[in-house]
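As structure tokens, the structure follows; a few thoughts come after it.
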Amino acid sequence: MMGKSGFGWDDSRCMITVDSQEVWDEYCKIDSSARTMRYKSWPFFSAWREIFGKDRAVGEVTVEVHPTVNDTDTEAETETQEYYVPTAEWCPGVGYIGNDNGTPGDNQENVDRNATSTASQKKPTSSGKKRKRRVPVADDGLTDAVNTFCDTANQRLSEISKKLFVDYEEVEKRSTVYAIVGNIPGIDLNDQILISDRLVENSKKMDLFFSLSDDARARMVGLMLRGKV
Numbered sequence: 006m007m008g009k010s011g012f013g014w015d016d017s018r019c020m021i022t023v024d025s026q027e028v029w030d031e032y033c034k035i036d037s038s039a040r041t042m043r044y045k046s047w048p049f050f051s052a053w054r055e056i057f058g059k060d061r062a063v064g065e066v067t068v069e070v071h072p073t074v075n076d077t078d079t080e081a082e083t084e085t086q087e088y089y090v091p092t093a094e095w096c097p098g099v100g101y102i103g104n105d106n107g108t109p110g111d112n113q114e115n116v117d118r119n120a121t122s123t124a125s126q127k128k129p130t131s132s133g134k135k136r137k138r139r140v141p142v143a144d145d146g147l148t149d150a151v152n153t154f155c156d157t158a159n160q161r162l163s164e165i166s167k168k169l170f171v172d173y174e175e176v177e178k179r180s181t182v183y184a185i186v187g188n189i190p191g192i193d194l195n196d197q198i199l200i201s202d203r204l205v206e207n208s209k210k211m212d213l214f215f216s217l218s219d220d221a222r223a224r225m226v227g228l229m230l231r232g233k234v
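Those letters in the sequence shown? Residues 6 to 234, by the numbering used here.
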């Protein structure tokens with residue numbers, strides 16, 4: 006409303022000001038609930054704007070938890086194993102050195118047998134670095150506790166603000182009903198007091214009175230004076 010053309014703010018009376026009745030009627034066609042806001046005093050408007058301004062009334066509280074986990078790299082030690090492979094050397098007139106018989110056929114057979122046995126015993130070895138990385142794990146218990154606390158606090162603040170607004174609205178209606186009735190033409194002082202007292206005593210009629218336009222309010226007051234409402 007305050008951002009619309011034709012509306013202003015009176016700091017001395019803490020009230021919304023309107024340039025003309027036509028501006029007010031046109032706005033009420035868009036937002037019918039705004040009818041009760043005219044002629045009201047809003048002494049806490051500045052405080053509300055400070056408390057609930059800049060999206061603070063949304064109640065969105067974001068709590069971030071950043072668990073710090075240092076990654077630890079572990080290096081696997083490389084294990085190496087050397088295998089002994091027997092060999093034989095041929096010397097002319099002597100035979101294979103390392104064989105007691107000195108027969109080329111026997112020595113060759115022994116070399117082949119030893120080579121086959123050694124090959125079957127060999128196992129491929131792998132070397133390198135193996136790294137194990139720890140996965141960061143959030144503290145779910147702490148996160149849930151913080152979220153629950155924030156939700157409860159937001160709900161409680163919302164309930165308090167609604168209760169304060171409703172109570173304050175009722176007080177404002179009672180304090181301004183006489184001023185509105187006094188502005189209706191053709192009603193003497195006694196009738197003004199009588200109508201104001203009836204409206205204050207009946208909250209339903211008072212809510213209806215504030216929801217009407219100025220012409221409809223004058224018509225309702227006339228009906229009340231004639232005992233038809």
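In this text, a Cβ means the ideal position worked out from N, Cα and C, and glycines have one as well.
In this structure, the straight-line span from the alpha carbon of Ile56 to that of Val151 is close to 23 Å.
Arg222 places its beta carbon less than 8 Å from that of Ile185. One thing to note: Leu230 has its Cβ within 8 Å of the Cβ of Asp196. For Trp47, no beta strand (DSSP E) encloses it, and the DSSP letter there is neither H nor E.
In the structure shown, Gly232 adopts coil according to DSSP, grouped into three states. In the three-state reduction of the DSSP assignment, Ile21 falls in the strand class.
Take the alpha-carbon of Asp15 and the one of Phe154: they are about 40 Å apart.
Val226 sits buried, since 16 or more C-beta atoms from the chains shown fall within 10 Å of its C-beta. Residue range Ser208 to Ser216 is occupied by the alpha helix (DSSP H) that includes Asp212. When only Cα atoms are considered, Asp212 and Asp149 end up about 44 Å apart.
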